[in-house]
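Each remark here refers to the structure printed beneath this line.
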Amino acid sequence: MKLMKWLLAAALLTAANGAARADPKLVEIASFGEHPALNQVAEGFKARMGELGYVEGKDVTYGFQHANFDRSLVPQILQQVEAKHPALILAITTGLNQAAVRGITDKSIPVVFGAVVDPVVAGIVPDWQHGSAWSTGASMLPDFDASLDYLKKVLPGVKKVGTLFNPGEDNDTSNMELIHQAAAKAGIEIVGVPVDNPNDLPQRVQTFAGQVDAIFLIQSNVVQTSVPVVAQVAQRIKLPLFNSVYAPDLKDQLAGFHAISYRKNGEHAADIADRILKGEKPADIAPYVPKGEDFDAYISPKGLAAVGLTVPEALKDSPWLLK
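Numbering (mature numbering (1 follows the signal peptide of the UniProt record, and there is no 0)), first residue to last: -22 to -1, 1 to 301.
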């Protein structure tokens, strides 16, 4: 009897030690490319995971792959990620997640998306109430009602707003539909100019000269990777440029920002990842829809001055002002 008790105790101790020495969970992060905004998704994700109790190196480890904004490299990146058999994948951008739906064959690996505007239109999830059998995440659905209301405060009397979009991106298509809907309610006309190659941006921005009162950039990969180029042309043609992505290094070149926080998007993705890692099924987790606190508003006095404008009197003491 004593021998049996000793063997049982030894077995329990061995099991406990084995559990204590369990390998950390591998979370692979796959992104379309390295860009300050997209990197914020990954950084916010990891920071929030830490807050949730996942100690890096002990409870979780991270891998990172990106396609350098080259679509032809996406399948290769996804194959490399899948080959590592991670506990979970954080996939960043709409196009990369769409490729993951088709390209990742091991459907036992859950995929959490980030930096996706409309996962339903993109075919990543079936509806806004459920994830798919293996994927869900945090959307970046814009609030263009709030964005255009912001523009009307900064530029009283604004009537026409130009924007650039890639007609080949589902992300851009969703953005354009939503901004047109919001503009109709706001009494503003949207002038959309298509662009699918960053090299064409200077010429396309030039077409706004004399046609619009301001330019507002949507969350478009082809545009957001080349905002400094857009800013140079916008200043030359004396049009105030506003962005839906906050870029501190461009705060003196742009007139302002009404921007969703990419870092908060990563944090919300981590909350969902935590639920999945604890046993919930992706299909039972609704995609996260941004709330008011997920957006930030800024005004750049220097950016306005660069195109001959000033901050409206009503906003002289606004907390939106950048220094």
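Each residue gets a CB set at the ideal place from its N, CA and C atoms; glycine is no exception. A quick note: this is a predicted structure, and the numbers were derived from the prediction, not measured.
What's the gap between the Cα of Val173 and the Cα of His63? By one-based count along the sequence shown, residue 173 stands at place 195. By one-based count along the sequence shown, residue 63 stands at place 85. Straight-line Cα distance between these residues: approximately 38 Å.
Check whether the segment 221 to 232 touches the segment 61 to 77, counting contact only when three or more Cβ pairs, one atom from each stretch, lie closer than 8 Å. no
Whose CA, out of Lys138, Ser86, Lys85 and Arg80, lies closest to the CA of Ala100?
-> Start at 1 with the first residue of the sequence shown, and residue 100 comes out as number 122. Minimum Cα distance to Ala100 is reached at Arg80.
Taking the Cβ atom as the reference point for each residue, do Ala261 and Gly92 lie within a distance shorter than 8 Å? One-based indexing of the sequence shown puts residue 261 at position 283. One-based indexing of the sequence shown puts residue 92 at position 114. Result no, Cβ atoms of Ala261 and Gly92 do not sit closer than 8 Å.
Beta carbon of Leu119 nearer than 8 Å to that of Pro268:
For this step, residue 119 is matched to residue 141 along the sequence shown. For this step, residue 268 is matched to residue 290 along the sequence shown. Yes. Within cutoff.
From the DSSP secondary-structure annotation, give me the bridge partner or partners of Asp274. The count along the sequence shown starts at 1 and reaches residue 274 at position 296. Per DSSP, Ala237.
**OP:** Scan the segment 96 to 137 and note each continuous alpha helix (DSSP H) run of 4 residues or more that stays entirely inside, going in chain order.
**Re:** 122 to 132
Fill in: Those runs of the alpha helix (DSSP H) which lie wholly inside the segment 153 to 207 and span at least 4 residues
179 to 184 and 199 to 202
Taking the alpha-carbon positions, what's the Asn175 to Val200 distance? Residue numbering aside, residue 175 sits at position 197 when the sequence shown is read from its first letter. Residue numbering aside, residue 200 sits at position 222 when the sequence shown is read from its first letter. When rounded, the distance between both Cα atoms is 7 Å.
_Neighbourhood of Pro237 by C-beta distance below 6 Å, restricted to the same chain and skipping five residues each side_ = Taking the first residue of the sequence shown as 1, we reach residue 237 at position 259. Residue identity check: residue 237 is Ala in the sequence provided, not Pro. Hits under 6 Å: Ser222, Val223, Tyr224 and Asp274.
Checklist line | Closest by C-alpha distance to Arg26, when choosing among Gly270, Leu217 and Ile250 | finding: Here residue 26 refers to the residue found at position 48 when the sequence shown is read from its first residue. Of the listed residues, the one whose Cα sits closest to Arg26 is Ile250.
Determine the burial state of Ser113: buried for a count of at least 16 other Cβ atoms within 10 Å of its Cβ, exposed for fewer. Residue 113 sits at position 135 when you count from the first residue of the sequence shown. When all chains shown are included, Ser113 counts as buried.
(message) My output table needs one value for Ser296: the three-state DSSP class, helix, strand or coil.
(response) The residue you call residue 296 lines up with position 318 of the sequence shown. Coil.
- request: Using three-state DSSP, classify His13 as helix, strand or coil.
  value: Against the sequence shown, residue 13 aligns to sequence position 35. DSSP places His13 in coil when its eight states are reduced to three.
| At which residues does the alpha helix (DSSP H) containing Leu56 begin and terminate? | Taking the first residue of the sequence shown as position 1, residue 56 is located at position 78. Segment Val52 to Ala61, the alpha helix (DSSP H) holding Leu56.
Return the CA-CA distance between Ala187 and Glu245, expressed in angstroms with no decimal places. Start at 1 with the first residue of the sequence shown, and residue 187 comes out as number 209. Start at 1 with the first residue of the sequence shown, and residue 245 comes out as number 267. When rounded, the distance between both Cα atoms is 39 Å.
* Asked: Taking the DSSP output, what are the residues bridged to Gln43?
  -> Mapped onto the sequence shown, residue 43 falls at position 65. Answer is Ala8, bridged to Gln43.
Review point. Got a sec, what are the start and stop residues for the alpha helix (DSSP H) Leu287 sits in?
Key: To locate residue 287, count along the sequence shown from 1; it is residue 309. No alpha helix (DSSP H) holds Leu287; DSSP gives it neither H nor E.
* Asked: Counting pairs of beta carbons, one from the segment 54 to 63 and one from the segment 18 to 36, are three or more of them closer than 8 Å?
  -> no
- prompt: Counting contacts by CB-CB distance shorter than 8 Å, is Ile215 in contact with chain B?
  reply: Looking for chain B here will not work: only one protein chain is present.
Specify whether the segment 272 to 288 and the segment 211 to 218 touch according to this definition: at least 3 beta carbon pairs, one from each stretch, less than 8 Å apart.
yes
For this session: Can you have a look at Gln76 and say buried or exposed, based on whether 16 or more other CB atoms are within 10 angstroms of its CB?
Result: Walking along the sequence shown from the start, residue 76 turns up at place 98. With 16 or more Cβ atoms within 10 Å of its Cβ, Gln76 is classed as buried.
Can you tell me whether Leu(-10) is helix, strand or coil according to DSSP? For the purposes of this step, residue -10 is identified with residue 13 of the sequence shown, where counting begins at 1. Note on Leu(-10): pLDDT 47, under 50, position unreliable in the model; the coordinate value appears next. DSSP places Leu(-10) in helix when its eight states are reduced to three.
From Pro2, Ala20 and Asn149, residue whose alpha carbon lies closest to that of Val90 | What you label residue 90 is simply residue 112 of the sequence shown in a count that begins at 1. Among Pro2, Ala20 and Asn149, the Cα nearest to that of Val90 is on Ala20.
Requested in this report: For Ser198, count neighbouring C-beta atoms within 10 Å of its own C-beta (all shown protein chains included) and say buried if the count is 16 or more, exposed if not.
Outcome: For the purposes of this step, residue 198 is identified with residue 220 of the sequence shown, where counting begins at 1. Looking at its Cβ environment, which holds 16 or more other Cβ atoms inside 10 Å, Ser198 is buried.
*CA-to-CA distance, Lys131 to Lys301, given in whole angstroms*: Here residue 301 refers to the residue found at position 323 of the sequence shown. Here residue 131 refers to the residue found at position 153 of the sequence shown. The alpha-carbon atoms of Lys301 and Lys131 are separated by roughly 19 Å.
Fill in: Cβ-based neighbour list, Val211, same chain, cut-off 8 Å, excluding 5 preceding and 5 following
Within the sequence shown, the letter at position 233 stands for residue 211. For Val211, where only same-chain residues beyond five positions count, the Cβ hits under 8 Å are Leu179, Pro180, Val183 and Gln184.
Practice prompt. Kindly indicate the opening and closing residues of the beta strand (DSSP E) around Val223.
Written response: Working through the sequence shown from its first residue, we reach residue 223 at position 245. Note, Val223: premise wrong, no beta strand (DSSP E); not H, not E.
Reference Pro2, options Glu12, Leu255 and Gln159, closest by Cα:
Counting from one through the sequence shown, the residue named residue 2 turns up at place 24. Minimum Cα distance to Pro2 is reached at Leu255.
Check: In three-state DSSP terms, what is Phe70?
Finding: Position 92 of the sequence shown holds residue 70. First, the residue type needs correcting, since residue 70 is Ile and not Phe in the sequence shown. Three-state result, Ile70: strand.
Item to check | Nearest-angstrom Cα separation, counted from Ser117 out to Thr39 | outcome: On the sequence shown, position 61 is the one that residue 39 refers to. On the sequence shown, position 139 is the one that residue 117 refers to. Thr39 and Ser117: Cα-Cα distance of roughly 24 Å.
ask   = Nearest-angstrom Cα distance between Lys137 and Ala160?
value = The residue you call residue 137 lines up with position 159 of the sequence shown. The residue you call residue 160 lines up with position 182 of the sequence shown. Answer to the nearest angstrom: the Cα atoms are 13 Å apart.
Does DSSP classify Trp(-17) as helix, strand or coil? Counted from its first residue, the sequence shown places residue -17 at position 6. Unreliable positioning characterises Trp(-17) in this predicted model, as indicated by a pLDDT of 46, which lies under 50. The coordinate reading is nonetheless provided below. If DSSP states are grouped into helix, strand and coil, Trp(-17) belongs with the helices.
>> Could you tell me the alpha carbon to alpha carbon distance between Pro297 and Gly257, rounded to whole angstroms?
In response: Here residue 297 corresponds to residue number 319 of the sequence shown, with the count starting at 1. Here residue 257 corresponds to residue number 279 of the sequence shown, with the count starting at 1. Using only the alpha carbons, I get a separation of about 42 Å.
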